[in-house]
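Beneath this line is the structure, given in structure tokens, with notes to follow.
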Amino acid sequence: MKAARSDRGSQTRKLLLFTAERLFAEYGVEGVSNRQVSEAAGQSNNFAVGYHVGSKEDLVVAIVRRHAESIERRSAEMVARLPAVPALRDWVSCLVRPAVEHLASLGVPSWYARFIAQAMTHPTYRKLVFDEAFASRSFRHCHEGMFRLVPQLPEEVRRERDDMGRLMLVHMCAERERALQEGTASPRSTWESTATGLVDALVGLWLAPVTGPR
490 MKAARSDRGS
500 QTRKLLLFTA
510 ERLFAEYGVE
520 GVSNRQVSEA
530 AGQSNNFAVG
540 YHVGSKEDLV
550 VAIVRRHAES
560 IERRSAEMVA
570 RLPAVPALRD
580 WVSCLVRPAV
590 EHLASLGVPS
600 WYARFIAQAM
610 THPTYRKLVF
620 DEAFASRSFR
630 HCHEGMFRLV
640 PQLPEEVRRE
650 RDDMGRLMLV
660 HMCAERERAL
670 QEGTASPRST
680 WESTATGLVD
690 ALVGLWLAPV
700 TGPR
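For the sequence shown, position 185 (counting from the first letter as 1) is numbered 674 according to the numbering used here, and the numbering increases by one without interruption.
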């Protein structure tokens, strides 16, 4: 009996996380309450999120962690296959492709890319998401490998391009996910082509010249 209750609790938690991810992707994290998530998940207890997950912050972190294991595993596998002397493109690919391949594995419709894009626009949830999604061991390792090959840049330019790259990855994936759901994606466009385009653009971003002050 206890095992059955535990299994039901686990299934309810998964349903709440999936429902919250979808609602947050559509309406923003700030625009959806825990009570609304509970209602949309068909829970008669309006405090189901608090009981099974916790606060809004706990909910956001739990959604990220639900996907992080797959992305981290893919990243570790890619790093293990790197050539003996990786090029800049190799490191950038290790930063981009694990997340894109995970999104591709979710099918259509999926909501995670748009959830991340929404959460990253909020000052409080942005840090939570960054600490969970962009601070894994593999991500840091790839980041460090990339920076060893990036030309010497002024610190403020390096930080600016780092932000540009992260925004490009987050929002291009969100746009691709939205287009797939709406049926507006080009028939020739795939998650693979999205990953390749992002890698091309990010390599170009890091190798672009720096215009000095006038």
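For every residue, glycine included, the Cβ atom is placed at its ideal position computed from N, Cα and C.
(request) Rank 593, 693, 609 by C-alpha distance to the C-alpha of residue 513 and give the top, closest one. (result) 609
(message) I believe residue 557 touches residue 624 by the beta-carbon criterion, under 8 Å. Please report the beta-carbon distance rounded to the nearest angstrom.
(response) The Cβ separation is near 10 Å, so there is no contact.
(request) Measure the Cβ-Cβ separation of residue 552 and residue 506 and say whether it is below 8 Å. (result) Yes, the Cβ-Cβ distance between residue 552 and residue 506 is below 8 Å.
(request) Mind the definition here: the segment 660-674 touches the segment 599-606 only if three or more C-beta pairs lie below 8 Å; say whether that holds. (result) yes
(message) Please report the distance separating the alpha-carbon of residue 539 from that of residue 523.
(response) 7 Å
(message) Tell me the rounded alpha-carbon separation between residue 672 and residue 698.
(response) 38 Å
(message) Suppose you measure from the CA of residue 687 to the CA of residue 535; what does that come to, to the nearest Å?
(response) 42 Å
(request) In angstroms with no decimal places, state the Cα-to-Cα distance between residue 650 and residue 533. (result) 47 Å
(message) Distance cutoff 8 Å, beta carbons only. Does residue 629 sit that close to anything in chain D?
(response) Among the chains in the structure shown there is no chain D, since it carries only a single protein chain.
(message) Please give the ranges of any alpha helix (DSSP H) in the segment 580-609, keeping only runs that are unbroken, at least 4 residues long and fully inside the region.
(response) 601-608
(request) Following the continuous alpha helix (DSSP H) through residue 525, name the residue where it begins and the one where it ends. (result) 523-529
(request) Give the straight-line distance between the Cα atoms of residue 585 and residue 578, rounded to the nearest whole angstrom. (result) 10 Å
(message) In this structure, how does DSSP classify residue 575 when only helix, strand and coil are distinguished?
(response) The answer is coil: DSSP assigns residue 575 none of H, G, I, E or B.
(message) Is it buried or exposed, residue 618, if we count other Cβ atoms within 10 angstroms and call 16 or more buried?
(response) Answer is buried; the Cβ neighbour count reaches 16.
(request) Give the DSSP-derived three-state secondary structure of residue 676 in the structure shown. (result) In the three-state DSSP reduction, residue 676 falls in the coil class, being neither helix nor strand.
(request) Answer with buried or exposed for residue 498, where buried requires no fewer than 16 other C-beta atoms within 10 angstroms of its C-beta. (result) exposed
(message) Quick check on the burial criterion: 16 or more other C-beta atoms within 10 angstroms. Buried or exposed for residue 508?
(response) buried
(request) Would you be able to state if there are at least three C-beta pairs under 8 Å between the segment 639-656 and the segment 588-600? (result) Not touching, per the Cβ criterion.
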